[in-house]
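What follows is one structure encoded as structure tokens, with my remarks underneath.
In the numbering used here, the protein residues as written are 2 to 120.
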């Protein structure tokens, strides 16, 4: 009920203020802030959150069916869509690699092959 309520509040904020940000994103930000400032505890939303994560694939079926129903509309744009998706994946992998490398060097140090740490 908490996740649904916060999502509904996010949709309302997006609608009332005519924001270009989707209400679901605003709801996620509100939920994050509520958890960070301990308005809600993780135990209050973890059961429903885990259920939604476990069944996420079911939630993508209706949009996928809708896309296949209107495939003739997107067919001329299929190559640009595929190129954008592949490009986004490559950019994501590169950004993740750079961030992981930075964090590893910043917090663990750059240790050589033969060196060991004395604990």
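Using N, Cα and C, we set each Cβ at its ideal position, and we do this for glycine too.
Own chain residues within Cβ distance below 7 angstroms of residue i, not counting five before or after
i	result
residue 59	none
residue 50	4
residue 31	7, 10, 11
residue 36	43
residue 64	none
Integer-rounded CB distance, given that residue j should sit under 8 angstroms from residue i
i	j	result
residue 3	residue 66	That belief does not hold up - the Cβ atoms of residue 3 and residue 66 are roughly 30 angstroms apart, past 8 angstroms.
residue 1	residue 14	Here the chain comprises residues numbered 2 to 120, so residue 1 is not present and cannot be evaluated.
residue 86	residue 75	That belief does not hold up - the Cβ atoms of residue 86 and residue 75 are roughly 13 angstroms apart, past 8 angstroms.
6 angstroms CB neighbourhood of residue i in its chain, flanking five on each side removed
i	result
residue 79	none
residue 48	none
Minimum Cβ-Cβ distance from residue i to chain C less than 7 angstroms
i	result
residue 56	Looking at the structure shown, chain C is missing, and only one protein chain is on hand.
Close-in-space but distant-in-sequence residues of the same chain around residue i (CB under 8 angstroms, 5 per side omitted)
i	result
residue 94	none
Fill in: Complete alpha helix (DSSP H) runs within the stretch 78-112 (minimum length 4 residues, chain order)
79-108
Practice prompt. Quick one: which unbroken alpha helix (DSSP H) runs of 4-plus residues sit fully inside the stretch 11-52? Chain order, please.
Written response: 24-37
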